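Asks:
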Amino acid sequence: MPIQATKSIWHNGELIPWEQANIHVMSHVVHYGSSIFEGIRCYEQKEGAGVFRLHEHMQRFLHSGKIYRMELPYTVEELCAAVVDVVETNNAVPCYIRPVAFRGYGEIGVNGMKCPTEVYVANFPWSNFLHGNEGTNVCVSSWNRLAPNTMPSLAKAGANYMNSQLIRMEATVNGYDEGIALDVNGYLSEGSGENLFIVRGGTLYTSPLANSVLNGITRDSIIVIARSLGIPVVEQSLPRELLYVCDEAFFTGTAAEVTHLRSVDRIMVGDGTMGPITATLHKAFFDIVNGNAPDKYNWLTPVKVHQPVGV
Ligand SMILES: Cc1ncc(COP(=O)(O)O)c(C=O)c1O
């Protein structure tokens, strides 16, 4: 998807013009994949706009850096303020926000600890990613998700997305919208950029963090909403074939939001339409982010924007 440029990008504490946010080809990140990042949405509500779960995203950002010994010289609050600053300056909602930090230009060699750490926050207008309410047709990937103690799944690191790219490209060339990867032991893990939920017999199941999944913030939101509605939630290792015999299945993620699976490996999930539990959770989620229900969990950080830009 083409990126729509905005005016400014936050870099190490300053707003700079979009076109000046460049790096040197010899930066450590280009050669060794040493970046961490976040993906955040800002939603439009009737009376303004709000960034979804900003604090949790920036906390995960700092944790990704900590795992990779890349300490960022900012607090969660300073990073949240940077996001608000960029969104308000660029005045584009709804939008996608991309904080990224990486080891920059300075030294060659795998150990980049002496390279400067560069921190950027960009945003651009964005709405839907997967197939909205039509549902999505997925396959089980021939690629496994990251094995434990190889690449840490709880770090949202750029390098992890080489695995995601293999999953997504294979799905695309074979005519699917997305791929679901198994972990190295053959249990369900997640999509290339989404967490996975399955509904069976009125219970909501999702893979635990130990099955090589990212600790998704939308995943957590859906678990909170489901429990508040009295829907039982079980985090346990799940066999692949549960996908073929479940009542409902859906992806969650900042980009995917809540997207139901229409089919897996060309086997229909239920009757292919969004099932009742998914629909309940989908509605509850969108009611909060679109401001049609009270923000009872304080998930939205208000931003002051003037002229919403349609996308
Ligand atoms: C691999 C992977 N899993 C899950 C998710 C969903 O996480 P979140 O809900 O925090 O966006 C993402 C998206 O960031 C992802 O890239």
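Plus 8 on top of the position in the sequence shown (first one is 1) and you've got the working numbering. Idealized CB from N, CA, C, for every residue including glycine. All values derive from a computational prediction rather than experimental measurement.
So Arg208 and Thr260 are in contact, right, with Cβ under 8 angstroms, and what is the actual spacing, rounded?
Replies: Walking along the sequence shown from the start, residue 208 turns up at place 200. Walking along the sequence shown from the start, residue 260 turns up at place 252. The Cβ separation is near 17 angstroms, so there is no contact.
Asks: So is Arg111 buried or exposed if we call it buried at 16+ other beta carbons inside 10 Å?
Replies: Looking up residue 111 in the sequence shown gives position 103. So Arg111 counts as buried.
Asks: Checking 8 angstroms against the spacing of the C-beta atoms, do Tyr113 and Cys147 come in under that value?
Replies: Taking the first residue of the sequence shown as position 1, residue 113 is located at position 105. Taking the first residue of the sequence shown as position 1, residue 147 is located at position 139. Result no, Cβ atoms of Tyr113 and Cys147 do not sit closer than 8 angstroms.
Asks: Output needed for Asn182: all residues of its chain with C-beta closer than 8 angstroms, excluding positions within five of it in sequence on either side, in chain order.
Replies: Walking along the sequence shown from the start, residue 182 turns up at place 174. Excluding residues within five positions, the ones whose Cβ falls inside 8 angstroms are Cys147.
Asks: Any contact between the stretch 188 to 198 and the stretch 217 to 227? By contact I mean 3 or more CB pairs, one from each, below 8 angstroms.
Replies: Judged by Cβ distances under 8 angstroms, the stretch 188 to 198 makes contact with the stretch 217 to 227, as three or more pairs qualify.
Asks: In angstroms, rounded to a whole number, what distance separates the CA positions of Gln173 and Leu87?
Replies: Here residue 173 corresponds to residue number 165 of the sequence shown, with the count starting at 1. Here residue 87 corresponds to residue number 79 of the sequence shown, with the count starting at 1. Using only the alpha carbons, I get a separation of about 28 angstroms.
Asks: Flag this pair as yes or no: are the beta carbons of Tyr51 and Gly41 separated by less than 8 angstroms?
Replies: Residue mapping note: residue 51 aligns to position 43 of the sequence shown, counting from 1. Residue mapping note: residue 41 aligns to position 33 of the sequence shown, counting from 1. Result no, Cβ atoms of Tyr51 and Gly41 do not sit closer than 8 angstroms.
Asks: From Asp93 to Lys164, what does the alpha carbon distance come to, in whole angstroms?
Replies: Within the sequence shown, numbered from 1, the residue matching residue 93 stands at position 85. Within the sequence shown, numbered from 1, the residue matching residue 164 stands at position 156. Distance between the alpha carbons of Asp93 and Lys164: 23 angstroms.
Asks: With distances taken between CB atoms, is the gap from Ala109 to Phe132 smaller than 8 angstroms?
Replies: Locating residue 109 in the sequence shown gives position 101, where the first residue counts as 1. Locating residue 132 in the sequence shown gives position 124, where the first residue counts as 1. When the beta-carbon positions are compared, Ala109 and Phe132 stay at least 8 angstroms from each other.
Asks: Quick one: what does DSSP say Leu138 is sitting in, helix, strand or coil?
Replies: Taking the first residue of the sequence shown as 1, we reach residue 138 at position 130. For Leu138, the predicted structure reports a pLDDT of 47, less than 50, and the residue's modelled location is therefore unreliable. A value from the coordinates is still provided. In this structure, Leu138 counts as coil in the three-state DSSP scheme.
Asks: Taking just the CA atoms, how far does Asn119 sit from Asn98?
Replies: Stepping through the sequence shown from its first residue, residue 98 is reached at position 90. Stepping through the sequence shown from its first residue, residue 119 is reached at position 111. Rounded to whole angstroms, Asn98 to Asn119 spans 36 angstroms at the Cα level.
Asks: Within the present structure, is the beta-carbon of Arg248 separated from the nearest heavy atom of ligand 1 by less than 7 angstroms?
Replies: Position 240 of the sequence shown, counted from the first residue, corresponds to residue 248. No; taking the cut-off as 7 angstroms, the Cβ of Arg248 has no heavy atom of ligand 1 nearer than that.
Asks: Based on Cα-Cα distance, which residue from Ser271, Val266, Glu55 lies nearest to Lys312?
Replies: Your numbering for residue 312 matches position 304 in the sequence shown. Closest by alpha carbon: Glu55.
Asks: Measuring from the CB of Asn203, is there a heavy atom of ligand 1 at a distance below 7 angstroms?
Replies: Position 195 of the sequence shown, counting from 1, holds the residue named residue 203. Answer for Asn203: yes, Cβ within range of ligand 1.
Asks: Are there 16 or more other CB atoms within 10 angstroms of the CB of Leu237, so buried, or fewer, so exposed?
Replies: Along the sequence shown, one-based indexing puts residue 237 at 229. Taking all protein chains in view, the Cβ of Leu237 is surrounded by fewer than 16 other Cβ atoms within 10 Å, so the residue is classified as exposed.
Asks: Tell me whether Met276 sits in a helix, a strand or coil according to DSSP, three-state version.
Replies: Taking the sequence shown and counting its residues from 1, the one referred to as residue 276 is at position 268. In this structure, Met276 counts as strand in the three-state DSSP scheme.
Asks: Using 8 angstroms for Cβ pairs, my map puts His63 next to Val91. What's the rounded Cβ distance?
Replies: Position 55 of the sequence shown holds residue 63. Position 83 of the sequence shown holds residue 91. Not a contact, Cβ separation roughly 10 angstroms.
Asks: Is the beta carbon of Glu198 within less than 7 angstroms of some heavy atom of ligand 1?
Replies: Walking along the sequence shown from the start, residue 198 turns up at place 190. Yes, the beta carbon of Glu198 sits closer than 7 angstroms to at least one heavy atom of ligand 1.
Asks: Roughly how many angstroms separate the alpha carbons of His290 and Ser16, rounded to a whole number?
Replies: Position 282 of the sequence shown, counted from the first residue, corresponds to residue 290. Position 8 of the sequence shown, counted from the first residue, corresponds to residue 16. Those two C-alpha atoms are separated by around 33 angstroms.
Asks: So what does DSSP say about Ser149, is it helix, strand or coil?
Replies: Along the sequence shown, one-based indexing puts residue 149 at 141. Correct three-state label for Ser149: strand.
Asks: Closer than 7 angstroms: is that where the CB of Leu222 sits relative to any heavy atom of ligand 1?
Replies: The residue labelled residue 222 in the question sits at position 214 within the sequence shown. Answer for Leu222: yes, Cβ within range of ligand 1.
Asks: Hey, could you find the ends of the alpha helix (DSSP H) Gln67 is sitting in?
Replies: One-based indexing of the sequence shown puts residue 67 at position 59. Element bounds for Gln67: 62 to 75.
Asks: Is DSSP giving Lys312 helix, strand or coil here?
Replies: Within the sequence shown, the letter at position 304 stands for residue 312. Coil.
Asks: Under a Cβ-count criterion, where at least 16 other Cβ atoms within 10 Å of its own Cβ denotes burial, should Glu265 be classed as buried or exposed?
Replies: Reading the sequence shown from its first residue, position 257 is the one you call residue 265. So Glu265 counts as buried.
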